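> Here you go, one structure.
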């Protein structure tokens, strides 16, 4: 029947002519004629004439069908403002994520184009012999077509409609770039197939229902969920390094996909109920309940993900033995100097290279701040870090190297420091590291850590279409060994090169003295240099102000040494220059007032600060100086005021450790001709003697020859304050000593102490709960320095056995049972190093519970509790920083040690099983 039969005779000829043009046999005209029949039955002609609009050049309907002929816009209908808002927000959210270059063709992409792209992908997979049955997407395309017809009324006059299907083409093509990742493509296909289950109902929704405001809001939520699905899928396949993170990050994305699909299913049921509901108030109530469920579900998903990420993060920290307290302490100590003397660093922010580096642009991506000792490079670095962090937008990673913390200048420590800072920015990176090192049991070697750091650096940007700027600050690189400097310089260049293959841009700031090794590594690179030497006009007034205020704090002591106000002024003026003359004058003043014994004690103090394996606290230093002469029955620790001798050259930190006021002091003390010349070989021999003598004394005080009261009194006096350090480093100190200088000389103080320790251990039965019989001779003797002890059989056997036991303990920590560290039995008379440590810590814990001790003043007892409380609760896992620092109580110790057990959590969120002890148990 012709449509003109529906028109009254009073209609104008032009209107009849327009209806005649719809009598073409094409599919679009057939559908439009069908719509008009229904409309003419329901609406008077006057409404029809008002609602009709001239046909536009193109329409959303042409986008759906793929045709390019001019079509008539659907009849205007009232639309829900809330529904339009939901659609607009969803569109903007996806538009922000997808790069403009990839989204520019979306408005011209038809559903047929997407179907053709799916067929093209199927042909590509067939050529790779990796067919994935693309027919599974047919229901999705049919459902999208029906849904697009339904929601078209909400998308008129906007570019929103094609974004329902256009991203599918982009995502499918991106996921088959490499034939090695067909698994990823398969999972994405399955995920998209799940959307199709919720779409068939749109075929039966009447025109009247789709104009209902409540129905429009449900349709808009459907639109938002589909675009959310596209957004997650696009991030997954377009994120830099997604192929590296696929196996570990898919589970997290899968949960988000499943949540979106569940939301689609629930809203699908709401549509069904809305279409059949008689009472409109019931429909409104259902819609409100569903909105509340949707928000609650999103909050629950986020909470579960955060909880899972926190557990994985703690497991990684324990597995990699990362302790950030050291870097925090270094940073706080340096930055506090800048806070005390405000304005001394203002000049640097005005420097053109620094100003360009601070800008959030890829330009000026490597700046090297060079300067002599004492010119404030470290303080400048901390102030720039704080400035960037205060903006709240920049991502800042940093590492500060200092000789006072030996681990901070090790390459592996620097890798761990940077790795954990990058890892915290993304739960996906945490999941990947968890799979690699906790579940996968990969050893945290420098090579594996470097590979992971580079992978993280390339995958750090959460938005694929945006480059992520990462500010990286490295200070004090010149304090590292030359080979370490070269490795770190190479690493910085690799991170810098990621910008060419990833969406990450590292902006590097290196603060250090100029060294030949760094100069050689960076000479051929594009590096902007800020030389302090060329900035004297800005630097010298700042340094003069800083030095004057620092010297004022020790003015009284300097006056006692014969220095005048004029001398202090000269020091403050020349502190940034080569300081040899100033140091020589200070040392001359110091030694002129001391006897030979005091001079040697001062030399010992300086030697311990310069060459110790880690910074010693004041209590540890007093014990070390007492045992340095090899007398294990010494009755008194050195007096506390002895550290005042070196006040002009030393600085005491809040944790009571000491360091030189600047690294240049250490360098000057090693200069031939220095009044207090430090011979490194002699200092190492002295430290080996002190650590071994401390252990000998420990076995002596727990023997039956000594009364309990005498043992307690010696411990409270602080004579055994070095024990934790000695237990950890005695073997390393001994091997260093025998491999330097003249070696282990028969009859020397060190030889006598080592021989006495070996004799006390030779015939003692072991009380360890593990066996060392499985350790091959080659493994236990792998350290070449052992050969220097071959002439001293008892000492050699003691050292070889201890090396074997340490290897065994390390291996037990890496076994799959995750049972924890081996424990020694606590007995009344210790007969090995582990039982001696337990006995010493048990005695300290007992003393902590006492309120009074005969022969000890209340003040001395309180001081002991303050200085040694943490020594009683140290981590039992070797190489952990907390094995030296300890904890204030046993609860904190146990909580920390659980991080080392590497219990493996199931990656399925809300899994009810407790953590597993091995990968095998998890599987």
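Numbering (full-length UniProt numbering), first residue to last: 1 to 923.
Even for Gly, the Cβ is constructed at its ideal location relative to N, Cα and C.
Values in this document were obtained by computation on a predicted structure and should not be read as measured data.
Please look up how many angstroms separate the CB atoms of residue 147 and residue 168, rounded, as I've assumed it's under 8 angstroms.
Within the chain shown, numbered from 1, the residue matching residue 147 stands at position 147. Within the chain shown, numbered from 1, the residue matching residue 168 stands at position 168. Not quite, the Cβ-Cβ distance comes to about 13 angstroms (not below 8 angstroms), so this is no contact.
> If we require 3 or more residues per run, which beta strand (DSSP E) segments fall completely within the stretch 68-129?
DSSP runs (the beta strand (DSSP E)) wholly in the stretch 68-129: none.
> Secondary structure at residue 146, three-state DSSP: helix, strand or coil?
Within the chain shown, residue 146 is the residue found at index 146, counting from 1. Looking at residue 146 - three-state DSSP - the assignment turns out to be helix.
> Alpha carbons only, please: which of 145, 785, 807 and 610 is nearest the one belonging to residue 657?
Here residue 657 refers to the residue found at position 657 of the chain shown. When each option's Cα is compared against that of residue 657, the closest is 610.
> Based on DSSP bridge pairs, tell me the residues matched to residue 659.
Against the chain shown, residue 659 aligns to sequence position 659. Note: residue 659 sits in a beta bridge opposite 651.
> Return the chain-ordered list of same chain residues with a C-beta closer than 7 angstroms to the C-beta of residue 794, the five sequence neighbours on each side being excluded.
Position 794 of the chain shown, counting from 1, holds the residue named residue 794. Hits under 7 angstroms: 755, 758, 759 and 762.
> Start and end of the beta strand (DSSP E) containing residue 410?
Here residue 410 is taken as the residue at index 410 of the chain shown, counted from 1. Per DSSP, residue 410 belongs to no beta strand (DSSP E) and is neither H nor E.
> What number of angstroms, rounded off, separates the C-alpha of residue 369 from the C-alpha of residue 444?
Within the chain shown, the letter at position 369 stands for residue 369. Within the chain shown, the letter at position 444 stands for residue 444. Those two C-alpha atoms are separated by around 32 angstroms.
> Distance, Cα to Cα, residue 799 vs residue 640?
On the chain shown, position 799 is the one that residue 799 refers to. On the chain shown, position 640 is the one that residue 640 refers to. Their Cα atoms are separated by approximately 34 angstroms.
> Please classify residue 716: does DSSP put it in a helix, a strand, or coil?
Taking the first residue of the chain shown as position 1, residue 716 is located at position 716. Helix, per DSSP.
> So residue 603 is in the beta strand (DSSP E); what residue range does that whole segment cover?
As a working mapping, residue 603 is identified with position 603 in the chain shown. Note, residue 603: premise wrong, no beta strand (DSSP E); alpha helix (DSSP H) at 596-611.
> Expressed to the nearest angstrom, what Euclidean distance is found between the alpha-carbon atoms of residue 133 and residue 98?
Sequence index remark: in the chain shown, residue 133 carries index 133 (1-based). Sequence index remark: in the chain shown, residue 98 carries index 98 (1-based). Whole-angstrom Cα-Cα distance: 27 angstroms.
> Near residue 412, which residues of its chain fall below 6 angstroms by C-beta distance, leaving aside the five closest residues on each side in sequence?
In the chain shown, the residue the question calls residue 412 occupies position 412. Closer than 6 angstroms at the Cβ level, and outside the excluded window around residue 412, lie 446.
> Just the Cα atoms here: how many angstroms apart are residue 683 and residue 747?
As a working note, residue 683 is residue 683 in the chain shown. As a working note, residue 747 is residue 747 in the chain shown. So the alpha carbons of these two residues sit roughly 18 angstroms apart.
> Contact between the stretch 718-732 and the stretch 619-636: three or more CB pairs below 8 angstroms?
Contact between the stretch 718-732 and the stretch 619-636 is present, because at least three Cβ pairs lie under 8 angstroms.
> By Cβ distance below 7 angstroms, which residues in the same chain neighbour residue 848 in space, the five residues on each side in sequence not counted?
In the chain shown, the residue the question calls residue 848 occupies position 848. Correct list, in chain order: 865, 869 and 872.
> Should residue 745 go down as buried or exposed, given a rule of 16 or more other Cβ atoms within 10 Å for buried?
Looking up residue 745 in the chain shown gives position 745. Label assigned to residue 745: exposed.
> Let me check understanding here. Comparing Cα to Cα, which of 515, 104 and 318 lies closest to residue 893?
Here the question's residue 893 lines up with position 893 in the chain shown. Minimum Cα distance to residue 893 is reached at 318.
> State buried or exposed for residue 831, treating a residue as buried only when at least 16 other CB atoms are found within 10 Å of its CB.
The residue given as residue 831 occupies position 831 in the chain shown. With 16 or more Cβ atoms within 10 Å of its Cβ, residue 831 is classed as buried.
> When we look at the beta-carbon of residue 597 and count the other beta-carbons within 10 Å, is it buried (16 or more) or exposed?
The residue you call residue 597 lines up with position 597 of the chain shown. Answer is exposed; the Cβ neighbour count stays below 16.
> Looking at residue 506: is its Cβ nearer than 7 angstroms to the Cβ of residue 496?
Residue numbering aside, residue 506 sits at position 506 when the chain shown is read from its first letter. Residue numbering aside, residue 496 sits at position 496 when the chain shown is read from its first letter. Cβ atoms of residue 506 and residue 496: closer than 7 angstroms.
> Under the three-state reduction of DSSP, which class applies to residue 694: helix, strand or coil?
Sequence index remark: in the chain shown, residue 694 carries index 694 (1-based). Note: residue 694 maps to helix in three-state DSSP.
> Should residue 672 be labelled buried (16 or more other beta-carbon atoms within 10 Å of its own) or exposed?
In the chain shown, residue 672 corresponds to position 672, counting from 1. The residue in question, residue 672, is exposed, as its Cβ has fewer than 16 Cβ neighbours within 10 Å.
> Using the three-state DSSP reduction, which class does residue 471 fall into: helix, strand or coil?
Working through the chain shown from its first residue, we reach residue 471 at position 471. Three-state DSSP puts residue 471 in a strand.
> Is the CB-CB distance between residue 741 and residue 788 below 7 angstroms?
Here the question's residue 741 lines up with position 741 in the chain shown. Here the question's residue 788 lines up with position 788 in the chain shown. No; because the gap between Cβ atoms is not below 7 angstroms, this pair is not in contact.
> Within 10 angstroms of the Cβ of residue 450, are there 16 or more other Cβ atoms? Answer buried if so, exposed if not.
Counted from its first residue, the chain shown places residue 450 at position 450. It is buried - the Cβ of residue 450 has at least 16 other Cβ atoms within 10 Å.
> Judging by CA-CA distance, which residue of 618, 108, 880 and 677 is the nearest neighbour of residue 863?
As a first step, residue 863 must be located in the chain shown, where it is residue number 863. Ranking the options by Cα distance to residue 863, first place goes to 618.
> Could you tell me the distance, in whole angstroms, from the CA atom of residue 602 to the CA atom of residue 635?
Residue mapping note: residue 602 aligns to position 602 of the chain shown, counting from 1. Residue mapping note: residue 635 aligns to position 635 of the chain shown, counting from 1. About 20 angstroms.
> Measure the beta-carbon distance from residue 884 to residue 874 and round it to whole angstroms, keeping in mind my assumption that it falls under 8 angstroms.
By one-based count along the chain shown, residue 884 stands at place 884. By one-based count along the chain shown, residue 874 stands at place 874. Confirmed, about 7 angstroms.
> By Cβ distance, which residues of its chain are closer than 7 angstroms to residue 320, with the 5 residues on each side in sequence left out?
The residue given as residue 320 occupies position 320 in the chain shown. Answer for residue 320: 416, 437 and 444, listed in chain order.
> Hey, how far is the Cα of residue 669 from the Cα of residue 676?
Sequence index remark: in the chain shown, residue 669 carries index 669 (1-based). Sequence index remark: in the chain shown, residue 676 carries index 676 (1-based). Cα to Cα, residue 669 sits roughly 6 angstroms from residue 676.
> Here's the rule: buried if 16 or more other CB atoms are within 10 angstroms of the residue's CB, otherwise exposed. What is residue 736?
In the chain shown, the residue the question calls residue 736 occupies position 736. Buried.
> If you compare alpha carbons, which of 404, 880 and 520 is closest to residue 485?
For the purposes of this step, residue 485 is identified with residue 485 of the chain shown, where counting begins at 1. It is 520.
> Between the Cα of residue 350 and the Cα atoms of 86, 535, 695 and 515, which residue gives the shortest distance?
Position 350 of the chain shown holds residue 350. When only C-alpha atoms are compared, the closest one is 535.
> State yes or no: is the C-beta of residue 453 within less than 7 angstroms of the C-beta of residue 477?
Against the chain shown, residue 453 aligns to sequence position 453. Against the chain shown, residue 477 aligns to sequence position 477. The answer is no: Cβ separation not under 7 angstroms.
> So, with DSSP's three-state summary, where would you put residue 617?
Translated into positions along the chain shown, residue 617 becomes position 617. Strand at residue 617.
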